[in-house]
Each structure stands twice: as C-alpha cells, then as structure tokens.
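Chemist: Take the sequence shown: its position 295, counted from the start at 1, is 528 in my numbering, and no numbers get skipped.
The beta carbon of each residue, even a glycine, is placed where N, CA and C say it ideally should be.
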Amino acid sequence: MFELTNEQRKCFAIPPVQSTWKRVEVKAGPYDDHVTFAYLDGRKIVKVIQISENAGKWLYNEYGVDQMLSEDGLKILPKTEKGKAQNFTAPNLTKKTPVGMGLHFRCGYIDIYNNTTDQCYYRVNYEDLKVYNLSEFCDWVKDWCKNTGEKELLEIEEFSKRRRIHQKFREGDFFRYRIKRNLYGYGRILVDYEKMRKEGVPFWNVFMGKPLCVAVYHIATENADMPVEKLAHLKMLPSQMIMDNIFYYGECEIIGNMPIMPDEENYTIHYGGSVDARTPNLVCYQCGKTYVALQDEKLLYDNFRKQSISWDLDVKLPILLECIKNDSNEPYWELIRRWRANEDLRNPKFKEELKNIKEQMGVK
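Structure follows, in structure tokens:
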C-alpha cells in the first residue's frame with residue numbers, strides 16, 4: 234500500500250514520521266470506501282492517512298492532527314471540559330480539525346494545503362494535469378520531488394510556517410495566484426456581492442456563501458511581481474462567481490487596487506425565474522451591479538440562471554495559454570466543458586438570445 238516516504242514528505246513540508254510513533258488502523262465507518270491510519274506519539278494522535286486503492290475511488294490523504302486518546306486507547310478525548318469523549322473510529326477522527334501541511338489526492342484532484350492557515354500551495358486542476366489513479370499519483374509525487382531543489386524547499390517550508398490571516402479585499406483589487414510551482418497568474422476582483430448585501434443594494438441573490446465576481450488576466454508568467462499598471466491593459470478571461478475564502482485567508486495575495494474602468498467591465502450574466510417561493514412570477518436579470526426583476530413576464534429561456542459558484546478559481550492552463558496565443562477568448566468557449574458553455578449567455582453563440590433578453594429586461 235502506497236505511503237509517502239520521509240524523504241518525499243520534505244518536498245511537501247509535511248512532518249516526517251518518527252521512529253517512536255506507532256501506526257494503527259482505525260475502525261472504519263459503515264460508509265467508508267477507504268482505509269484510515271493514525272500515527273500515535275504515545276497517547277497523542279499526530280497524523281492521519283487515508284488510502285483507497287479501489288478502482289474509481291482512488292484516494293491518498295495525509296495531514297496532521299492534535300488529539301489525545303484515553304488511557305485505554307479507545308476514546309478520543311475532548312479539547313475542552315464541556316466536550317465529550319468519542320469512540321476512536323475513522324468517522325470521529327476525520328471530523329477533528331486538521332493542522333499543518335497536508336497532501337490530498339482523489340481521482341484527478343491534488344491539493345498541497347496548509348490546514349492551519351486555510352491556504353492552498355498548489356492545485357493540480359489549475360495546471361490541468363491528468364492524474365486519475367494511485368499509480369499516476371505515485372508518478373506525480375516522484376516527479377514533484379525530482380524537481381524540488383533548495384529554492385523550492387525553502388519556499389514551501391516558509392509557506393508551511395505561515396500564520397493564519399484574514400486579508401482585507403475590495404472591488405478593484407488585483408491579485409496573484411499560483412498556477413504551477415514557479416508559474417503565476419493574475420486577476421481582478423470586480424464585484425463584491427456580500428458588500429452589496431450589507432449595504433442593502435439589491436441583487437439577485439441566487440449564490441451560496443459570500444460571492445465575488447472575479448476574472449483572471451491573459452497572463453502566465455514566472456514573474457511574481459507584475460505591476461498592476463501593466464495588468465490593467467491585459468485582456469481577461471470571462472469572469473466567474475467564487476466564494477471569498479481564497480481571498481479572505483490570503484491564498485490569493487492582493488497586490489494593488491485601481492478603479493475599474495468601463496472598458497474593463499467583465500461580469501457574469503444570470504437570467505431566469507425567481508427561486509424565491511414568495512415571488513414565483515418574477516423574471517430576473519443580474520449582470521455586475523445591474524439587477525432587474527419583472528413581475529408576470531414570460532420567461533424566454535430557462536437554462537441561463539448560472540447560479541453555480543466555485544471554491545477556487547476556474548482556470549485551466551491549456552485554455553489560458555490558447556487564449557493568450559490567440560489574443561482572444563474564442564478558444565475559451567471551444568475548450569471549456571460543454572454544459573458550462575451551454576449555460577453562459579456570454580457565449581457568442583447566444584448572441585441572439587442575449588439580445589432578446591436585454592430587450593425584455595430593458596437593459597443595454
């Protein structure tokens with residue numbers, strides 16, 4: 234069964250397994266499709282590893298914890314006097330708050346994560362690598378470690394020692410994100426709908442969480458210090474709706490702010506019937522800060538509500554590079570998933586539908 238070696242753990246800034254620690258298999262839950270192991274330092278649980286070698290359910294997850302066991306080793310003790318001891322089982326253990334660096338792989342997704350700061354160091358989905366089973370994940374780990382030099386070791390070690398922050402952000406902010414280990418992208422916060430909600434500014438509230446409208450620029454560079462004055466003149470990919478977590482916890486670092494000019498406006502478009510049972514006969518339209526709701530209007534089309542929202546940036550490096558190469562977003566509409574292209578009114582193939590909707594809603 235695969236497990237990281239201590240030499241490999243260095244490349245992810247994950248604490249090594251000590252010779253005095255004991256590895257035990259934790260009792261699985263009735264719905265678990267994986268095996269859970271805990272490393273014990275005496276009665277202290279210090280590390281959790283989850284592994285599945287089942288086809289289609291491949292998993293490797295390793296992270297730190299800080300929990301104590303009862304003297305008989307059967308109960309996880311509470312952190313406070315008001316808490317209750319829980320049976321030492323996999324479902325109870327994995328509910329405990331992770332700490333420190335972790336490596337997570339599941340059927341195509343890989344994250345290198347600092348659980349203490351809620352910041353992700355690397356996401357394989359930005360790079361769009363195809364890593365679907367444990368064998369491919371093992372090869373990916375070997376390649377990552379092979380390409381880890383002193384510079385990379387120092388950088389990820391620094392990342393692992395960061396303190397948790399709550400970063401302030403606002404509309405017009407420029408931000409930097411990591412595409413690959415030494416490749417960066419840049420983007421812009423365009424609309425803060427949570428701020429609008431607090432200020433009582435009406436909008437079509439069909440999104441979960443604290444939604445932001447953001448967009449990334451046509452740039453992928455090793456330069457981690459691009460001036461915002463240069464970024465402001467670049468084209469953007471079509472914007473997306475996203476939760477505010479990666480900004481609030483500082484994963485995407487804010488690097489400057491400028492007012493958003495009219496030629497930089499790049500907003501998601503949402504159209505459909507009301508989702509509020511109290512107003513079932515409303516037809517709604519939302520674009521940027523433009524919100525229109527019409528009573529007793531006929532719904533012209535029923536597949537453009539587009540209310541999905543992401544936890545992280547919707548960026549695929551091959552698509553971004555094609556758009557940069559063509560100096561156009563045309564490749565974007567051809568290369569993204571069909572279902573997404575077919576629900577987005579900004580797609581050029583929906584030019585006539587968008588025209589009809591704008592005429593109905595009375596917007597330009």
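Please state if the CB of F338 and the CB of L367 are separated by a distance shorter than 9 Å.
Modeler: Yes.
Chemist: If you measure from the beta carbon of Y293 to each beta carbon in chain B, is any gap under 9 Å?
Modeler: Any reference to chain B falls outside this structure, which holds one protein chain only.
Chemist: If we ignore side chains and look at the alpha-carbon of each, how far apart do I412 and W254 end up?
Modeler: Near 36 Å, if we compare the C-alpha coordinates of W254 and I412.
Chemist: Cα separation between N589 and S561?
Modeler: Each residue's alpha carbon lies about 25 Å from the other.
Chemist: Does the separation of the CB atoms of Y500 and L553 fall below 9 Å?
Modeler: Against a cut-off of 9 Å, the Cβ pair of L553 and Y500 comes out as no contact.
Chemist: Can we say the segment 263 to 272 touches the segment 321 to 333, given the rule of at least three CB pairs closer than 8 Å?
Modeler: Counting Cβ pairs under 8 Å, three or more are found: they touch.
Chemist: Suppose you measure from the CA of Q473 to the CA of N456; what does that come to, to the nearest Å?
Modeler: Rounded to whole angstroms, Q473 to N456 spans 24 Å at the Cα level.
Chemist: Tell me which same chain residues have a C-beta within less than 6 Å of the C-beta of D299, skipping the five on either side of it?
Modeler: Within the same chain, D299 has close Cβ partners V332.
Chemist: Counting along the chain, where does the alpha helix (DSSP H) carrying Q241 start and finish?
Modeler: That run of the alpha helix (DSSP H) goes 239 to 243.
Chemist: Around the C-beta of K611, are 16 or more other C-beta atoms found within 10 angstroms, so that it is buried, or is it exposed?
Modeler: Residue 611 lies beyond the residue range present for the chain, which begins at 234 and ends at 597; the question has no answer from this structure.
Chemist: Which residues share a DSSP beta bridge with S543?
Modeler: S543 is bridged to I475.
Chemist: If V374 sits next to Q241, beta carbons under 8 Å apart, how far is it from one beta carbon to the other, in whole angstroms?
Modeler: Rounded, the Cβ-Cβ distance is 6 Å, consistent with contact.
Chemist: What's the call for L307, buried or exposed, on a 16-neighbour Cβ count within 10 Å?
Modeler: Looking at its Cβ environment, which holds fewer than 16 other Cβ atoms inside 10 Å, L307 is exposed.
Chemist: Looking at the unbroken alpha helix (DSSP H) that takes in K277, where does it start and where does it end?
Modeler: No alpha helix (DSSP H) holds K277; the beta strand (DSSP E) holding it covers 277 to 285.
Chemist: Y365 by DSSP, collapsed to three states: which one?
Modeler: Here Y365 sits in coil by DSSP.
Chemist: I'd like the ranges of any beta strand (DSSP E) spanning at least 3 consecutive residues and lying wholly in the segment 261 to 349.
Modeler: Within the segment 261 to 349, the complete beta strand (DSSP E) runs of at least 3 residues are 268 to 274, 277 to 285, 292 to 301, 332 to 339, 342 to 347.
Chemist: Tell me, to the nearest whole angstrom, how far the beta carbon of N347 is from that of G405; I am working on the premise that it is less than 8 Å.
Modeler: N347 to G405, Cβ: 28 Å. No contact.
Chemist: Which residues does DSSP pair with T504 in a beta bridge?
Modeler: A small correction: the amino acid at residue 504 is Tyr; Thr does not occupy that position in the sequence shown. Y518, per the DSSP bridge assignment.
Chemist: I need the boundaries of the alpha helix (DSSP H) containing V461, first residue and last residue.
Modeler: First-last of the alpha helix (DSSP H) with V461: 461 to 464.
Chemist: Taking the straight line between their C-alpha atoms, what separation do you get for Y365 and K243?
Modeler: Whole-angstrom Cα-Cα distance: 24 Å.
Chemist: Q400 and Y481 look like a contact to me (Cβ under 8 Å); what is the Cβ gap, rounded to whole Å?
Modeler: Right, their Cβ atoms sit about 6 Å apart.
Chemist: Are the CB atoms of L302 and I284 within a distance shorter than 9 Å?
Modeler: Against a cut-off of 9 Å, the Cβ pair of L302 and I284 comes out as no contact.
Chemist: Taking just the CA atoms, how far does F392 sit from Y417?
Modeler: Between Y417 and F392, the C-alpha separation is close to 16 Å.
Chemist: Terminal residues of the continuous alpha helix (DSSP H) containing I557?
Modeler: 550 to 559 is the span of the alpha helix (DSSP H), which, as asked, contains I557.
Chemist: Specify, as a first and last residue, the run of the alpha helix (DSSP H) that Y534 falls within.
Modeler: Here Y534 belongs to no alpha helix (DSSP H), and DSSP marks it neither H nor E.
Chemist: Along the beta strand (DSSP E) that carries A526, what are the first and last residues, could you check?
Modeler: Run containing A526: 523 to 528, per the beta strand (DSSP E) assignment.
Chemist: When you compare only the Cα positions, how much space is there between I282 and E295?
Modeler: C-alpha separation (whole angstroms): 4 Å.
Chemist: Just list the residues that DSSP pairs R409 with in beta bridges.
Modeler: R409 pairs with Y419, E486.
Chemist: Under the three-state reduction of DSSP, which class applies to R356: helix, strand or coil?
Modeler: Strand.
Chemist: Would you check whether the ligand COA has a heavy atom nearer than 8 Å to the C-beta of A526?
Modeler: Among the components of this structure there are no ligands whatsoever, and the ligand COA is therefore not found.
Chemist: Could you give the first and the last residue of the continuous beta strand (DSSP E) run that contains E576?
Modeler: Run containing E576: none; DSSP gives neither H nor E here.
Chemist: Strictly by DSSP, which residues pair up with V259?
Modeler: Partner(s): T269.
Chemist: Restricting to Cα atoms, I'd like to know which of E563, V525, F407, Y264 is closest to E462.
Modeler: Checked all of E563, V525, F407, Y264; the closest Cα to E462 is F407.
Chemist: What number of angstroms, rounded off, separates the C-alpha of K378 from the C-alpha of D372?
Modeler: For the sequence presented, residue 378 should be read as Cys rather than Lys. So the alpha carbons of these two residues sit roughly 10 Å apart.
Chemist: Count the other C-beta atoms from every protein chain shown that fall within 10 angstroms of the C-beta of E484, then say buried if there are 16 or more, exposed otherwise.
Modeler: Buried: at least 16 other Cβ atoms inside 10 Å.
Chemist: Going by DSSP in three states, M469 sits in which element: helix, strand or coil?
Modeler: Strand, per DSSP.
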